[in-house]
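Just below is one structure, and these are the notes that go with it.
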Amino acid sequence: MQKLRVLSGMQPSGRMHLGNLIGALQNWIKLQEENECFFFVADWHAISTSYENTKDIKENIKQMLIDWLACGLDPAKSTLFIQSHVEEHAILHLLLSMITPVSWLERNPTYKEQQEQIKNRDLSTYGFLGYPVLQSADILIYKADAVPVGVDQLPHLELTREIARRFNYLYANKRSGGAGRSRAWSGGIESSVAWSGILTEPNALLTEIPKLPGTDGRKMSKSYNNAIYISDPVDVFENKVKNLITDPARVRRTDKGNPDVCTAFVFHKIYSNADDVSQIDRDCRMAAIGCTDCKKRLLDKMKTTIKPVWEKRKELSANAKRVFEIAEAGSMKAKEIASNTLKEVKEAMRI
Ligand code: TRP
Ligand code: SF4
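Quick note: the sequence shown uses our numbering, first residue 3, plus one each step.
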């Protein structure tokens with residue numbers, strides 16, 4: 003059976019933290035074992051929300067690529083590339099924008115939500131409204147079967163499907179044949195890949211993202227200043243883990259604790275084995291273990307897991323040229339496919 007083509011992108015909005023790793027990235031790393039994977043740095047998307055500050059983008063792209071490679075995305079298995087290095091995305095974006103009703107974009111819940119929530123940035127641009135059209139171009143230009151995303155991206159995926167359908171309806175039947183890709187699909191939200199016409203309607207591969215709390219117990223997020231970064235220096239990393247907020251009702255060492263309300267315990271569930279977790283659960287409730295010791299044990303476990311990542315990171319940071327070579331090779335490979343699709347699109351549109 004032909005492999006599924008999987009594609010996803012991530013904005014280079016800064017260094018990656020453990021929440022990103024446990025969420026999206028680890029899922030990508032798993033997917034690359036059995037699928038034909040394309041993962042890219044969505045640098046143009048990053049500009050849509052911070053056009054006034056582009057000076058950090060190059061560095062952010064580099065750091066993101068280093069994080070990806072250090073954590074285990076493998077250029078021998080996945081095609082890793084940079085969106086802006088495959089300019090075909092922009093051309094398809096332009097063409098798709100011609101057939102996309104503005105009302106589809108205005109009613110997009112993500113768009114409305116961000117307009118309401120993000121007050122410190124100018125989101126009233128044409129580019130921001132068209133963000134999901136660019137995202138659709140990213141996906142459709144590879145005829146991706148499946149797109150691993152979090153739940154917040156589902157409206158964008160639905161829009162991508164609608165745009166593909168509209169394109170196929172408008173143009174595909176004017177062309178005989180058509181080089182569509184048909185694949186068996188099982189395990190997705192929908193169980194059949196319907197294809198007719200040139201563009202493939204992608205399925206969302208909804209990623210079960212466990213909500214990783216930050217050091218203060220709120221959701222781990224760059225903007226909350228509570229994130230533990232993959233690239234944190236060892237001493238910073240250690241301090242953050244040691245200062246993770248615990249059961250606030252457990253003031254004295256002799257107080258019995260409740261792991262269910264403890265942030266450190268959430269991390270234990272990720273980094274410690276099941277036996278240790280249930281032991282800690284019991285000991286905490288009986289005050290048989292103190293928080294300092296508990297977190298020290300956690301830190302040891304976390305360091306064991308992340309040490310190889312740190313080492314790889316160090317190696318890659320010292321060899322940025324190599325990192326960009328990998329992305330360049332990936333971009334060339336991506337470009338080949340993208341330019342083929344674009345050619346078909348133009349033929350179908352008779353332009
Ligand atoms: N919008 C996505 C995000 O913010 C990033 C993205 C851009 C993307 N293009 C994509 C994800 C294509 C999947 C497929 O997370
Ligand atoms: Fe949390 Fe461990 Fe302290 Fe219990 S003992 S409150 S699980 S840090």
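We put the beta carbon where it would ideally sit given N, CA and C, even for glycine.
**Item:** For G21, three-class secondary structure by DSSP
**Value:** In this structure, G21 counts as helix in the three-state DSSP scheme.
**Request:** Using a threshold of 8 Å, state whether the C-beta atoms of K64 and T343 are closer than that.
**Result:** Using a Cβ distance threshold of 8 Å, K64 and T343 do not count as a contacting pair.
**Message:** Quick check: what's the CA-CA separation for G21 versus Q155?
**Reply:** Those two C-alpha atoms are separated by around 17 Å.
**Asked** Since H270 contacts L300 with CB under 8 Å, what's their CB separation in whole angstroms?
**Response** Between L300 and H270 the Cβ distance is about 6 Å, and since that is below 8 Å, they are a contact.
**Request:** Look up S50 in the DSSP assignment and say whether it is helix, strand or coil.
**Result:** Under the three-state reduction of DSSP output, S50 falls in the helix class.
**Message:** Can you give me the C-alpha to C-alpha distance between M334 and D76, rounded to a whole angstrom?
**Reply:** Taken atom to atom, the span from the alpha-carbon of M334 to that of D76 is near 16 Å.
**Request:** My understanding is that L97 touches M351, with C-beta atoms under 8 Å, so please give their C-beta distance in whole angstroms.
**Result:** Indeed they touch by this definition, with Cβ atoms about 7 Å apart.
**Classification of M12 by the beta-carbon crowding that lies within 10 angstroms, buried from 16 upward** = By the 10 Å Cβ count, M12 comes out buried.
**Message:** Could you check if K297 belongs to the surroundings of the ligand SF4, using beta carbon to heavy atom distance under 7 Å?
**Reply:** With a threshold of 7 Å, the Cβ atom of K297 counts as near the ligand SF4, since some heavy atom of the ligand is closer than that.
**Request:** Please work out which residues of its chain come closer than 7 Å, Cβ to Cβ, to R220, disregarding the five sequence neighbours upstream and downstream, and give them in chain order.
**Result:** Excluding sequence neighbours, R220 sits near Y226, N228.
**Request:** May I ask which residues mark the beginning and end of the beta strand (DSSP E) holding A206?
**Result:** Segment 205-208, the beta strand (DSSP E) holding A206.
**Item:** Cβ-Cβ distance between P204 and A148 below 8 Å
**Value:** Cβ atoms of P204 and A148: closer than 8 Å.
**Message:** Given a cut-off of 8 Å on the beta-carbon distance, is the pair M161 and L94 in contact?
**Reply:** The sequence shown places Leu at residue 161, not Met. By the CB criterion at 8 Å, L161 and L94 fall outside the cutoff.
**Item:** CA nearest to the CA of V268, picked from Q117, R255, D249, T256
**Value:** V268 has its Cα closest to that of D249, out of Q117, R255, D249, T256.
**Asked** Quick one: is the Cβ of G11 within less than 7 Å of any heavy atom of the ligand TRP?
**Response** The answer is yes for G11.
**Prompt:** Could you give the residue range of the beta strand (DSSP E) that holds I84?
**Reply:** Per DSSP, I84 belongs to the beta strand (DSSP E) from 80-84.
**Asked** Roughly how many whole angstroms lie between the Cα atoms of D58 and T127?
**Response** Whole-angstrom Cα-Cα distance: 21 Å.
**Asked** In whole angstroms, what separates the C-alpha of K337 from that of N37?
**Response** Rounded to whole angstroms, the gap between the alpha carbons of K337 and N37 is 19 Å.
**Item:** Residue from K314, E90, G332 whose Cα sits closest to the Cα of C73
**Value:** The shortest C-alpha separation from C73 is found at K314.
**Prompt:** Which of helix, strand or coil does DSSP assign to M12?
**Reply:** DSSP places M12 in strand when its eight states are reduced to three.
**Where the alpha helix (DSSP H) through C73 begins and ends** = C73 -> alpha helix (DSSP H) spans 59-73.
**Message:** Taking 8 Å as the threshold (C-beta atoms), are F42 and F83 in contact?
**Reply:** Taking 8 Å as the Cβ cut-off, F83 and F42 qualify as a contacting pair.
**Prompt:** Anyone know if the C-beta pair for S10 and W46 falls short of 8 Å?
**Reply:** It is not a contact, given that the beta carbons lie outside the stated cut-off.
**Message:** Quick check: the Cα distance between R324 and T51, rounded to an integer number of angstroms?
**Reply:** Straight-line Cα distance between these residues: approximately 29 Å.
**Asked** Which residue from N122, K121, Y133, R123 puts its Cα closest to that of Y113?
**Response** Y133 is the residue among N122, K121, Y133, R123 whose C-alpha sits nearest the C-alpha of Y113.
**Prompt:** Applying the criterion that 16 or more other CB atoms from any shown protein chain within 10 Å of the CB defines a buried residue, is K121 buried or exposed?
**Reply:** The residue is exposed, with fewer than 16 neighbouring Cβ atoms inside 10 Å.
**Request:** Under the assumption that V29 contacts P157 (Cβ atoms under 8 Å), give the Cβ distance between them as a whole number of angstroms.
**Result:** The sequence given here places Asn at residue 29; Val does not occur at that position. Rounded to the nearest angstrom, the Cβ distance from N29 to P157 is 20 Å, too far for a contact under 8 Å.
**Item:** Any beta strand (DSSP E) of 3 or more consecutive residues that is wholly inside the region 318-344
**Value:** Given a length threshold of 3 residues, the region 318-344 has no whole run of the beta strand (DSSP E) inside it.
**Prompt:** Alpha carbon to alpha carbon, how far is R123 from W106?
**Reply:** Rounded to whole angstroms, the separation of the alpha carbons of W106 and R123 is 23 Å.
**Spatial neighbours of Y171 in its chain, beta-carbon cut-off 8 Å, leaving aside the 5 residues before and after** = Hits under 8 Å: G199.
**Asked** In whole angstroms, what separates the C-alpha of K60 from that of A322?
**Response** Near 12 Å, if we compare the C-alpha coordinates of A322 and K60.
**Request:** Could you tell me if Y273 is buried or exposed, where buried requires 16 or more neighbouring beta carbons within 10 angstroms of its beta carbon?
**Result:** It counts as buried.
**Asked** How would you write the range of the beta strand (DSSP E) that P157 sits in, first residue to last?
**Response** Note, P157: premise wrong, no beta strand (DSSP E); alpha helix (DSSP H) at 156-173.
**Item:** Close beta carbons around G189, own chain, < 6 Å, minus the five adjacent residues each side
**Value:** Here the model assigns G189 a pLDDT of 43, short of 50, so the residue's position is not dependable, and the following value carries that caveat. If the five residues before and after G189 are omitted, its C-beta is found closer than 6 Å to no C-beta atom of its own chain.
**Prompt:** Does DSSP put E373 in a helix, in a strand, or in coil?
**Reply:** Since the first residue of the chain shown is 3 and the last is 353, residue 373 is not available in this structure.
**Request:** Please report the Cβ distance between K258 and M288, rounded to the nearest whole angstrom; I am assuming they are in contact, meaning their Cβ atoms lie under 8 Å.
**Result:** Here K258 really is in contact with M288; their C-beta atoms are around 6 Å apart, less than 8 Å.
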